[in-house]
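Asks: Below is a structure I'd like to ask you about.
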């Protein structure tokens with residue numbers, strides 16, 4: 035039921051975004067793989083998944099670029115059914131180090147993590163509404179937030195605040211754009227992407243994943259596919275009655291205040 039639909043995936047060339055593209059394409063979705071700087075990866079991915087998928091450069095922190103990206107999708111495919119707001123950034127700063135973040139840091143992070151998704155939704159709204167009115171079903175948006183936006187932890191206060199705003203915006207837009215467009219979010223915890231592997235090396239990356247897994251109730255460290263699967267579900271027809279929701283995906287870490295696994299008990 036997703037065959038021949040059209041999806042824009044921001045930050046789609048690598049990591050979670052690339053996994054989303056692969057899963058959507060496997061269901062017959064035609065993808066617009068957005069990238070800011072990962073041109074080679076995005077173009078290779080679009081060619082590999084087929085379905086006529088294309089790679090389009092745009093900095094979604096810029097409103098004009100968002101509008102151009104949506105226009106490119108409509109020009110190429112005549113419609114927009116799905117939007118995944120995955121592009122994001124952060125600055126690493128200890129939460130207690132109040133002088134390590136400037137106002138400019140907040141604005142820089144907010145512009146991509148919070149304002150960017152709003153601009154992308156706005157740019158895609160007309161095409162999604164037209165599809166709904168034409169009988170193609172509701173459009174669907176999934177924002178990639180973070181557990182940091184729910185619990186206030188994460189790489190910096192500015193990052194957590196930007197993702198918290200995205201969670202709230204998901205509720206606001208879910209209400210405002212219904213019934214033509216559903217808007218949901220996922221809030222990943224740790225995700226073992228290539229970003230970590232490049233910086234830590236193969237052994238260091240494996241050690242990090244093992245450490246994370248030892249501290250989660252499910253005993254695993256999530257990878258990009260673990261986040262992409264729920265995103266695709268939220269886009270698709272099985273989620274037709276869901277809007278304004280944020281799904282936590284952290285191997286159950288949010289259930290354990292101590293972030294450590296409890297010894298198994300005999301029943």
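In our numbering, the protein residues as written are 35 to 301. Note that CB positions come from ideal geometry on N, CA and C, so glycine has one too.
1) When you compare each of 51, 277 and 94 to residue 174 by their alpha carbons, which one comes out closest?
2) If you scan the segment 71-140 from start to end, which runs of the beta strand (DSSP E) of 3 or more residues do you find wholly inside it?
3) Could you check the C-alpha separation between residue 304 and residue 255 for me, to the nearest Å?
4) Can you tell me whether DSSP reads residue 48 as helix, strand or coil?
5) Starting from residue 282, trace the beta strand (DSSP E) both ways and give me its first and last residue.
6) Among 84, 92 and 79, which residue has its Cα nearest to the Cα of residue 68?
7) Report the rounded CA-to-CA distance for residue 247 versus residue 235, giving the unit in angstroms.
8) Can you give the Cα-Cα distance for residue 164 and residue 171, rounded to whole angstroms?
9) Count the other C-beta atoms from every protein chain shown that fall within 10 angstroms of the C-beta of residue 143, then say buried if there are 16 or more, exposed otherwise.
10) In the DSSP assignment, what residue or residues form a beta bridge with residue 40?
11) Identify which residue in 40, 61, 115 and 191 has its Cα closest to the Cα of residue 134.
12) If we ignore side chains and look at the alpha-carbon of each, how far apart do residue 118 and residue 207 end up?
13) Measuring only the C-alpha atoms, how far is residue 86 from residue 141?
14) Let's see if you can read the secondary structure: which residues bound the alpha helix (DSSP H) around residue 149?
15) Output needed for residue 271: all residues of its chain with C-beta closer than 6 Å, excluding positions within five of it in sequence on either side, in chain order.
16) For residue 197 and residue 182, I'd like the C-alpha separation in whole angstroms.
17) Tell me whether residue 187 sits in a helix, a strand or coil according to DSSP, three-state version.
18) With the cut-off set at 7 Å, would you say residue 100 and residue 154 are in Cβ contact?
19) Output needed for residue 45: all residues of its chain with C-beta closer than 6 Å, excluding positions within five of it in sequence on either side, in chain order.
Replies: Walking through what the data contain:
1) 277
2) 88-91 and 116-119
3) No answer is possible for residue 304: it lies beyond the span of the chain, which begins at 35 and ends at 301.
4) Reduced to three states, the DSSP call for residue 48 is coil.
5) 280-283
6) 92
7) Distance from the CA atom of residue 247 to the CA atom of residue 235, rounded to whole angstroms, is 18 Å.
8) 10 Å
9) Burial check for residue 143: the Cβ neighbour count within 10 Å reaches 16 or more, so the residue is buried.
10) 64
11) 191
12) Roughly 14 Å separates the two Cα atoms.
13) 36 Å
14) First-last for residue 149: undefined, no H or E at that position.
15) 35
16) 7 Å
17) coil
18) yes
19) 51, 120 and 121
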